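What follows is a short report on a single structure.
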Amino acid sequence: MAAVKELLRAEENGTLSFGDYELAAKKKLADFEFNGDLYKVKTYKDITKLECNEILIYESVPGTAVQGLQVSDKGMTFHVEGPEDAQITLGVEEDTEYEVLVNGTEVGRMRTNMGGKLSFSVEFTEGEAVAVTAERV
């Protein structure tokens, strides 16, 4: 998996891919229409952030590349890669418990705050994508 040079793209399987952690300077892409919603991405080496209709969906520090993001009423799944370990924040349903899996291993059940933010860390091995699932319990 590699950085998404288009910054944000719709995949043939109905998912989204975004993020370029190789950029030295911040780049943005706004008003990307996908399934009737407007998406905006901001990405570079220090941060990757995706919003849908001006609501946070995904944020990582430092920047990452995400492939196959699929959001449903139960949560979200995606593959993520980065040059170093990252703190990831997902925008999901507020005051709700989620089970988070990284490469199929449960990292715990977490309850979102009133803003609907779910945060966890992901460790990377260079050149390898990590599968993440956050599913409502």
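Residue numbering for the sequence shown follows numbering that gives the first Met the number 0, starting at 0 and increasing by one per position.
By construction, the Cβ of each residue, glycine as well, lies at the ideal position given by its N, Cα and C atoms.
Bear in mind that the values here come from a model prediction, so they are computed numbers and not experimental data.
Where residue i falls: helix, strand or coil (DSSP)
i	result
E93	coil
F123	coil
T132	strand
K116	strand
A2	coil
E105	strand
G18	coil
E10	coil
Burial state of residue i, where buried means 16 or more other Cβ atoms lie within 10 Å
i	result
A29	exposed
E58	buried
A133	buried
L89	buried
V3	buried
A23	exposed
E37	The question names Glu, yet the displayed sequence has Leu at residue 37. L37 should be labelled exposed.
G74	buried
V70	buried
Cβ neighbours of residue i in the same chain (closer than 6 Å, five flanking residues each side left out)
i	result
G67	T14, F77 and H78
L147	No answer is possible for residue 147: it lies beyond the span of the chain, which begins at 0 and ends at 136.
Rounded C-alpha distance that separates residue i from residue j
i	j	result
N34	A9	10 Å
D84	D72	28 Å
F119	K26	25 Å
Contacts around residue i, its chain only, beta-carbon distance under 7 Å, and the 5 residues preceding and following it disregarded
i	result
G107	V99
T63	G18, Y20, T47, V79, E80, G81 and A85
Residues near residue i in its chain [Cβ-Cβ closer than 8 Å; skip 5 each side]
i	result
I87	Y57, E58, S59, T63, V79, S118, F119, S120, V121 and V131
Contiguous beta strand (DSSP E) assignments of at least 3 residues, all confined to the segment 22-67: Within the segment 22-67, the runs of beta strand (DSSP E) at least 3 residues long that lie entirely inside it are, in chain order, 26-33, 36-43, 46-51 and 54-60.
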